[in-house]
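Enquirer: First the structure, then my questions, so here it is.
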Amino acid sequence: MSSQMDRLTFIKALGIGGAVFATGLPGFAETLGSPAQAKASDFYFVQLTDTHWGFEGAKANPDATGTLPKAIDAVNALDPQPDFVIFTGDLTHITTDPAQRRKRMAEFKAQAARLRAPQIRYLPGEHDAGDDHSEAFREAFGPSRYAFTHKGIHFIALDNVSQEGSILGEEQLRWFAAELDRVPKEAPLVIFTHRPLFDLYPDWDWTTTDGAKALDLMKAHRFVTVFYGHIHQEHHHTTGHIQHHAATSLIFPLPAPGSVPKRAPVPWDPEHPYRGLGFRQIHAQPKHVKEDQLALSEKALADSLKTAGTHA
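So this is what it looks like as structure tokens:
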């Protein structure tokens with residue numbers, strides 16, 4: 001059995017719950033047992049994405065205004081709480097009305113404020129960017145790109161939706177290069193985006209036009225993981241040594257890339273409500289010096305609701 005499978009089996013044996021995916025990144029956890037086993041530097045964070053607050057469409061989600069609150073309740077029920085929660089774009093559903101866009105963002109922000117986690121971070125999606133290039137987003141949530149370090153892990157959030165053409169842009173790429181220069185080449189590096197940086201399926205706009213330039217800038221860094229949204233489904237991919245993980249949506253799933261002629265929401269299944277919706281936990285142990293596996297625990301919203309005894 002490979003070391004990858006050994007670690008996956010070990011993680012599942014701990015009874016974390018949800019699907020688990022392990023990806024190579026030193027300093028991240030493979031031992032995810034009880035909180036009593038954790039060191040002071042150990043932590044985890046939660047990724048939520050594509051909530052599309054303001055969406056209407058009973059065929060895709062008859063509980064469009066209830067799904068986000070239920071997801072927030074599920075995250076609030078986690079014990080211990082994550083060190084931070086990040087929303088990786090499309091917080092709100094697109095509208096051409098500037099007043100309506102700001103109204104939706106205010107309503108979304110009020111929902112997110114219920115989260116118990118000590119830090120909440122946000123990225124725009126193209127629905128948030130609208131036709132004002134994320135001006136309303138920045139008014140409500142702050143910068144659309146930023147960098148931070150948390151307990152020894154370096155994080156960089158990129159904005160690949162605010163400029164026309166699904167690009168990062170030369171100015172942002174220069175900023176990104178400067179931020180990367182601050183990070184030691186052997187240090188673990190985590191990138192957040194909304195769109196995939198690689199060409200997943202350009203015909204469905206599942207790409208970043210100049211994403212290859214960002215990937216090229218990261219080649220010198222040995223341990224890089226990218227978390228993104230946009231495609232409304234779990235997806236795992238590697239470009240060279242860089243690993244990419246898409247998370248499930250919190251409004252409706254989309255079909256696998258290229259599996260159908262036209263991209264459209266997967267219809268709501270009344271026999272299996274909330275199927276394909278969920279969020280992700282990422283567990284870290286920054287003080288480990290050996291090559292552990294970054295542990296992703298996928299949380300299906302339907303399972304969380306069953307555990308909590310919550311119904312639509």
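Counting in the UniProt record's numbering, the sequence shown runs from 1 upward without gaps.
Note that CB positions come from ideal geometry on N, CA and C, so glycine has one too.
All values reported here derive from a predicted model rather than from experimental measurement.
1. From which residue to which residue does the beta strand (DSSP E) around residue 161 run?
2. Flag this pair as yes or no: are the beta carbons of residue 58 and residue 265 separated by less than 8 Å?
3. For chain C, find out if any of its Cβ atoms is closer than 8 Å to the Cβ of residue 158; answer yes or no.
4. Is it true that the CB of residue 107 sits closer than 8 Å to the CB of residue 314?
5. Going straight from the alpha carbon of residue 256 to that of residue 233, what length do you get?
6. Assuming residue 69 contacts residue 111 under a Cβ cut-off of 8 Å, what Cβ separation, rounded to an integer in Å, is found between them?
7. Give the range of the beta strand (DSSP E) segment to which residue 178 is assigned.
8. Contact between the stretch 267-278 and the stretch 76-87 is defined here as three or more beta-carbon pairs at a separation below 8 Å; is this criterion met?
9. Distance, Cα to Cα, residue 125 vs residue 230?
10. Using the beta-carbon count (16 or more within 10 Å), is residue 259 buried or exposed?
11. Rounded to whole angstroms, what is the Cα-Cα separation between residue 131 and residue 214?
12. Given residue 127, which residues of its chain have a CB within under 7 Å of its CB, disregarding the five upstream and five downstream residues?
13. Which ranges does the alpha helix (DSSP H) cover as unbroken runs of at least 4 residues, wholly within the stretch 60-136, from first to last along the chain?
14. Using only the alpha-carbon positions, how far apart do residue 243 and residue 206 sit?
15. In whole angstroms, what is the alpha-carbon distance linking residue 272 and residue 302?
16. Can you tell which of 187, 194 and 141 has its C-alpha closest to the C-alpha of residue 159?
17. Contact check, residue 277 vs residue 67 under 8 Å by CB: the rounded distance?
18. Give me the Cα-Cα distance between residue 296 and residue 284, rounded to the nearest whole angstrom.
19. If I measure Cβ to Cβ from residue 163 and keep anything under 6 Å in the same chain, skipping five residues before and after, which residues do I get?
20. Please classify residue 154 as buried or exposed, where buried requires at least 16 other C-beta atoms within 10 Å of its C-beta.
Expert: Result, derived from the coordinates:
1. Residue 161 -> no beta strand (DSSP E), and no H or E assigned at all.
2. no
3. Among the chains in the structure shown there is no chain C, since it carries only a single protein chain.
4. No answer is possible for residue 314: it lies beyond the span of the chain, which begins at 1 and ends at 312.
5. 8 Å
6. That belief holds up - the Cβ atoms of residue 69 and residue 111 are roughly 6 Å apart, short of 8 Å.
7. Here residue 178 belongs to no beta strand (DSSP E); instead the alpha helix (DSSP H) covers 170-181.
8. no
9. 7 Å
10. exposed
11. 24 Å
12. 52, 90, 92, 93 and 94
13. Runs of the alpha helix (DSSP H) lying entirely within the stretch 60-136 and spanning at least 4 residues, in chain order: 67-76, 98-112 and 126-129.
14. Their Cα atoms are separated by approximately 16 Å.
15. 8 Å
16. 194
17. The beta-carbon distance between residue 277 and residue 67, rounded to whole angstroms, is 6 Å. This is short enough to meet the 8 Å contact definition.
18. 10 Å
19. 169
20. Classification for residue 154: buried.
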